[in-house]
Amino acid sequence: MAGDLHTEAASMTAAATNLRNATHKLPKALSAFRAAAGDLSAFGALGSLTSATHTVGHAMDQLGDAVEALQSEWGSEATAIGDIGTLLDEVDKLIAEQLGKGKV
């Protein structure tokens with residue numbers, strides 16, 4: 002039994018680290034995306050239509066907002082997963098101590 006939680010804790014810590022690393026890449030990509038939202042020349046004639054420009058620009062703003070919310074959510078989840086991993090590791094150590102004392 003002792004050690005099992007340590008394995009789970011290590012897995013959760015690794016997952017939290019990977020999730021945090023994913024969120025670190027979003028701000029630069031989001032900044033570039035938001036900068037491009039005003040330049041719709043890649044759409045050719047569609048980009049020159051005022052109503053289309055407004056609609057596409059608005060959709061790009063909404064997508065950018067969703068990415069910002071996702072980044073925040075992932076950051077919070079990474080923190081929670083890391084905290085749970087730390088807690089599991091501490092419980093594993095307590096169990097191992099109690100097993101060493103013959104109390105479990």
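So for the sequence shown, the numbering used here puts the first residue at 2; every next one is plus one.
Where a beta carbon is used, it is the ideal one built from N, C-alpha and C, also for glycine.
None of these values were measured; they are calculated from a predicted model.
Backbone CA spacing between G83 and Q72 [nearest angstrom]: Looking at the two C-alpha atoms, the distance is approximately 16 Å.
Three-state secondary structure assigned by DSSP to A38: Of the three classes helix, strand and coil, the one that applies to A38 here is coil, per DSSP.
Environment of D62 [buried if 16+ CB atoms lie within 10 Å]: Counting Cβ neighbours within 10 Å, D62 comes out exposed, since fewer than 16 surround it.
Contact set for A79: own chain, Cβ-Cβ below 6 Å, skip 5 residues either direction: Contacts found: A17, L20 and R21.
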